[in-house]
Amino acid sequence: MKSIVTTGGRTNDVFVKRAKEIAIELSLPYVNRQKKSVQKLQTEFQANIVVVSKERLELYSYGSNAPFFFHPNSAAFRMKRLLNGEQDLFLQATGLQNGDRFLDTTAGLCSDSIIAAYAVGESGLVHACEKDDLVSYIVRQGLNSYETDATELLNSMRRVKLVHQDAMECLKNTETDSYDVVYMDPMFEEVIEESTNFQALREVGVHQGLTDEWVKEAKRVAKRRVVLKAHFRSPLFEQYHFKQLTRLTSKFHYGILE
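UniProt numbering applies: residue 1 is where the sequence shown begins, and numbers increase by one.
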């Protein structure tokens, strides 16, 4: 499915210029909005629509009315809980400490990577890869430009380094023991999250199933552990010998492979 770039319904010369620049960056055609609805543009061009508005970048996958856009999402309230002294199950599973190196092979909205960046601090490293080019572009722009008064959240977002790359390509090009923790969240195996933006991500994102090679490469790259997030009924934990951390009240569990 092809994609095009346009502006928001109400725009000005500044955002028209920005939309044209983004179209060039993404090697996509720019289309004048001409007061047409997103749905009409989808039908006319048979394409996904990237909308450059005053507020944010949005991606409407073909046939969908729900936009995908960057937002700190669950990372925002998880950060508040951490600052209040509460525990975070992701951090318990990963065991991340100040100065650690963390690789997220399934970035998506980077919610977990943001929390990882908080845990490893300024002396640590958080790298993330996302296979879908438009998702990675929108999320990367959001990480670098989203504004909030929550200082720790803002600083953590800015420290996440996201690249457009397939998980396997990323791992194969990484030296052994380069990261303390490698993380994988296939997420499309079964719907876990229920937020509107997660559903939008599910519509536009690349669906990748876990493979033997993926796990093997993750083990090679991870110095300390590989962490898997999956539905609590997922066969992946047993299939790949992850120690499943059971939570009776949650739809998803974490698994650890050391």
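Ideal Cβ positions, reconstructed from N, Cα and C, are used throughout, including at glycine. Only a predicted model underlies this, so the values are computations on that prediction, with no experimental measurement involved.
Checklist entry - What do you reckon, are the CB atoms on residue 45 and residue 58 nearer than 8 Å? => result no
Next on the checklist: Between residue 131 and residue 166, how many whole angstroms is the CB-CB distance? I'm expecting something under 8 Å.
Outcome noted: 5 Å
Checklist entry - Thinking just about the alpha-carbon of each residue, which of 216, 247, 218 and 225 is nearest to the one in residue 231? => result 247
Next on the checklist: Any contact between the region 148-161 and the region 120-128? By contact I mean 3 or more CB pairs, one from each, below 8 Å.
Outcome noted: yes
Checklist entry - If residue 50 sits next to residue 28, beta carbons under 8 Å apart, how far is it from one beta carbon to the other, in whole angstroms? => result 7 Å
Item to check | Own chain partners of residue 71 with C-beta closer than 8 Å, once the 5 adjacent residues on each side are dropped | outcome: 109, 142, 146 and 197
Next on the checklist: Going residue by residue through the region 147-182, where are the continuous alpha helix (DSSP H) segments of at least 4 residues, counting only ones entirely within it?
Outcome noted: 151-159 and 167-172
Checklist entry - Considering only residues of the region 19-69, which uninterrupted alpha helix (DSSP H) runs meet the minimum length of 4 residues and lie entirely inside it, listed in chain order? => result 38-45
Item to check | Extent of the continuous beta strand (DSSP E) to which residue 104 belongs | outcome: 101-104
Checklist entry - Do residue 245 and residue 182 have their CB atoms nearer than 8 Å? => result no
Next on the checklist: Spatial neighbours of residue 17 within its chain, please: C-beta separation below 7 Å, excluding the five flanking residues on both sides.
Outcome noted: none
Next on the checklist: According to DSSP, simplified to helix, strand and coil, what is residue 246?
Outcome noted: coil
Checklist entry - Near residue 2, what residues of its chain come up, given a Cβ to Cβ distance below 6 Å and the 5 sequence neighbours on each side ignored? => result 47
Next on the checklist: What does the alpha-carbon distance come out to for the pair residue 122 and residue 243?
Outcome noted: 30 Å
Next on the checklist: Can you find the residues in the same chain that come closer than 7 Å, C-beta to C-beta, to residue 91, ignoring five residues on each side of it along the sequence?
Outcome noted: 115 and 119
Item to check | DSSP-derived helix/strand/coil call for residue 2 | outcome: strand
Checklist entry - Does the beta-carbon distance from residue 9 to residue 40 come in below 8 Å? => result no
Item to check | DSSP state of residue 7 mapped onto helix, strand, coil | outcome: strand
Checklist entry - Ends of the alpha helix (DSSP H) at residue 137? => result 133-145
Item to check | Neighbour-count burial assignment, residue 96, 16 or more Cβ in a 10 Å radius | outcome: buried
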